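Protein chains in written order, with our numbering: chain R, 13 to 387; chain G, 646 to 916. Even glycine gets a Cβ: it sits at the ideal position worked out from N, Cα and C. All values derive from a computational prediction rather than experimental measurement.
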Amino acid sequence: MITVSVSHLWKRYGKTVALQDVSAEINGGSFFCILGEPGAGKTTLLRIIAGLEVPDEGDVFFDGQNVTLVSAQKRNVAMVFQDFALYPHMTVFENIASPLRAIKAEEGKIRERVHEVAAFLKIEHLLDRSPLYISGGEKQRVAIARALVKEPKISLFDEPLVNLDFKIREDMRAQFKLMQKEFNQTIVFATPDPVDAMSMADQVLILHEGKVQQFATVWEAYYRPSNMFVATYLGFPPMNILSGELREEGPHLFFVASGLKVDVTDLPGIREVRERKLLVGIRPEHLLLGDEKGAEISWDGEVLLSEIVGSDTIVHLKVGKDLGLRSFVPGIYRVAVGARVTVNLRRDNIYAFKESGESVIFPGRHESLFNTFKG
Amino acid sequence: MKKVDWKRFFGILGLVVYGIFVLFPIYWTINTSFKEVGDVYKVPPSFIPTKFTLEAYKFILQGTGRLALSNSLVVAIGATLIAVFLGTMASYAYSRYPFTGLTNEGAQFNLLTVRMFPPIAFLLPIFWLWKTLGLLDTHFALIVTYSAFNLPLAVWLLKGFMDSLPRSIEEASYVDGYSFWQTARRVVLPLIGSGLAATVALCWIFIWNEFIIAYLLGGTDVILYTAYLPALRRGMRIMWNQIAALSVLAIIPSVIILVLFRKYLIKIYLR
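1. Less than 7 Å between C-beta atoms, sequence neighbours within five positions excluded: which residues of the same chain meet that for G:N713?
2. Hey, would you say G:W848 sits closer than 8 Å to G:A728, going by beta carbons?
3. How would you call G:F679, buried or exposed, if buried means at least 16 neighbouring beta carbons within 10 angstroms?
4. Which ranges does the beta strand (DSSP E) cover as unbroken runs of at least 3 residues, wholly within the stretch 289-363 of chain R, from first to last along the chain?
5. Any beta carbon of chain R sitting closer than 8 Å to that of G:E816?
6. Take every Cβ of the stretch 659-666 of chain G, pair it with every Cβ of the stretch 853-864 of chain G, and state whether three or more of those distances are shorter than 8 Å.
7. What residue range does the alpha helix (DSSP H) around R:T56 cover?
8. For the beta strand (DSSP E) holding R:H264, just list the boundary residues, first then last.
9. Along chain G, in chain order, which residues have C-beta atoms closer than 9 Å to that of R:Y99?
10. Just to confirm, is the Cβ distance from R:K333 to R:G271 under 8 Å?
11. Which residue's Cα is closest to the Cα of R:E308: R:K366, R:I115, R:L81, R:D278?
12. CA-CA distance, R:S19 and R:E128?
13. The stretch 332-366 of chain R: which residues have C-beta closer than 9 Å to a C-beta of chain G, in chain order?
14. Inspect the CB distances between the stretch 43-55 of chain R and the stretch 211-225 of chain R and report whether three or more fall short of 8 Å.
15. Looking at the structure shown, is R:K27 part of a helix, part of a strand, or coil, going by DSSP?
16. Taking R:N252 as part of the alpha helix (DSSP H), name the residues at either end of that continuous run.
17. Which residues in the same chain have their Cβ closer than 6 Å to the Cβ of R:E389, if we skip the five residues on either side of it in sequence?
18. Consider the Cβ of G:G822: report whether some Cβ of chain R lies at a distance smaller than 8 Å.
19. Could you name the residues of chain G that R:A307 contacts, counting a contact when the two beta carbons are closer than 7 Å?
20. How would you label R:A36, buried or exposed, when you count the other beta carbons within 10 angstroms and need 16 or more for buried?
21. Tell me which residues of the stretch 105-135 of chain R have at least one Cβ-Cβ distance to chain G shorter than 7 Å, keeping chain order.
22. Would you identify the three-state DSSP class for G:I897, choosing helix, strand or coil?
23. For G:D821, report the span of its beta strand (DSSP E) as first-last.
24. On the DSSP bridge list, what partners appear for R:R370?
25. Roughly how many whole angstroms lie between the Cα atoms of G:R879 and G:G779?
26. Measure the CB-CB distance between R:L290 and R:L258 and report whether it falls below 8 Å.
27. Please work out which residues of its chain come closer than 8 Å, Cβ to Cβ, to R:V79, disregarding the five sequence neighbours upstream and downstream, and give them in chain order.
28. Of the residues that make up the stretch 157-169 of chain R, which ones have a beta carbon closer than 8 Å to any beta carbon in chain G?
29. Over what stretch of residues does the beta strand (DSSP E) that includes R:A228 continue unbroken?
30. Roughly how many whole angstroms lie between the Cα atoms of G:N886 and G:I902?
31. If we cut at 8 Å on Cβ distances, does R:F93 have a partner in chain G?
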């Protein structure tokens, strides 16, 4: 297993800049997620690591060795393409065997290895079929089998879950993790879905418009987001953002936003904040409804809408004058539209950002708290 | 009583009439080729030869006719192979790489315009070119000229097939550990196979049936069958049976190619 690192990568396509000064280190044996919206540069980064694209500036290292100009053929990487890219004129068996034929492996060995991988992915019954006549989920398994079969230095997955339906996605997430352990692989996984990253990744590289927003473990990015983009992107439903200002009243410090007044005097780090205008972020899962004992902040809210997503509930609330907030309640939570509820929040779950988006206050600031999150 | 499906009836009737319309000249050519020359001019004409004879075939296969047919085969095979070979490579480039200065469509359109002019517009300069080079009336000159005229067609047809081949399939092959040429052989060529077959068939037909180039650039040392046909006019008498025999022989290679490749040709129209 090798460590792959990229340093100061730049890539332009005509006038659009796909990557801007991207650096990251991918440890051998880890599950590494590249997270970003469509067009953020995820695919470009994967293609550069694979050797399908040469960066305009910057280098790619495999275990300290500069491979920037080494072709894909010679890099010994595996890649699962978004459209799976199976060879339509070959059987499923030949598709999976393709990387082994490239290194001229023995026929018996090829047979054994293909069957082993196919058995793991439960596609043995498809081996004699044409990839044209199998389902999307099966195609994806074949594409993954082709990547697993050759013991690559690193496996690259380009949004492999996007083309699959919801149910198969759930199954595949668990499978990916299992597969990584079983075959002892280093996996780089590009995805626009934060849920993928949060359920699978050891480390996550968050890209936005070709720029690295944060490179950290998932929990670090969740509790110590570097900026508002990361904070809102990582998490579902997205974080509530309130725009307001800090006001000093005697010894007390308040955050005031459209009719709401929060005493933040004791919020660690708040004294160091120079800016008066702030954006405060509250994750929907941190807004608890009902009579919480010992809640540090409590507001009265009115239920505007309650939607059930999967087996959880998102409650849309109106708080203060006209402040819209979303609360995430695990399980099915039945509440009438228009009902008055108490909204509770622990003070140390508050995030705050400068107007530029840079983080100033976040839960992970408190080292002890952060350590308990890390488990 | 069963209802008569008139729509189907007239459809089939229409096709039968069309079939007769298309096939009758071929039938008449074959019929004529087995007649004696006197029999050809008989009024009313007979629908089968009154005296069945292979005279005309013997004449064609013994004399210049055989030479003309073999010249035609050499030139048509050579030019088709060159046009399709270069066309495959050029269409790959057009399909995969950006062209600076011109857009890809522009560059390709430039190439296609070569086929929009009537060939006669180019032929005088081309004639002088070969004459100056001392290559007039050679297989080489004919093959090069025919390839040049058919290359745009080959590129245009094949580019469509190349475009429909996803790039990621080639890239998957690189990642699997294959080189560019291995990928071309393993993935690209098999997947555009039907395109290649169709292109071969169309290029062949254009080259094999061509007259003006054959007449102007060849004709003495290297005579192609299309240029030889008009020579089968003896004074006031036209040897229709010999012309028919040569025509029948000339149809054979095209029929073989069309039958072999017909399912790929249909694909072009269905695309």
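A quick look at the data gives this:
1. Here residue 713 of chain G is Ala; the residue named in the question, Asn, does not match the sequence. So the list reads I868, L869, Y870, Y873, once near-sequence residues are dropped.
2. According to the sequence shown, residue 848 of chain G is Cys rather than Trp. It is a contact, given that the beta carbons lie within the stated cut-off.
3. buried
4. 289-294, 309-321, 324-331, 335-341, 352-357
5. yes
6. no
7. 54-62
8. 264-269
9. I814, A817, S818, R831, V832, P835, L836
10. yes
11. R:D278
12. 37 Å
13. none
14. yes
15. coil
16. Where R:N252 is concerned, there is no enclosing alpha helix (DSSP H), although the beta strand (DSSP E) it sits in stretches over 252-261.
17. With chain R represented from 13 up to 387, any question about residue 389 of chain R goes unanswered, as that position is not in the structure.
18. yes
19. Going along chain G, no residue has its Cβ under 7 Å from R:A307, so there is no contact; the nearest lies around 53 Å.
20. buried
21. S110, P111, A114, I115
22. helix
23. Run containing G:D821: none in the beta strand (DSSP E); it sits in the alpha helix (DSSP H), 812-821.
24. At residue 370 of chain R the sequence reads Glu, which differs from the Arg that was named. Note: R:E370 sits in a beta bridge opposite R:N239.
25. 31 Å
26. yes
27. G63, V72, F73, R87
28. R158, K162
29. 223-229
30. 25 Å
31. yes
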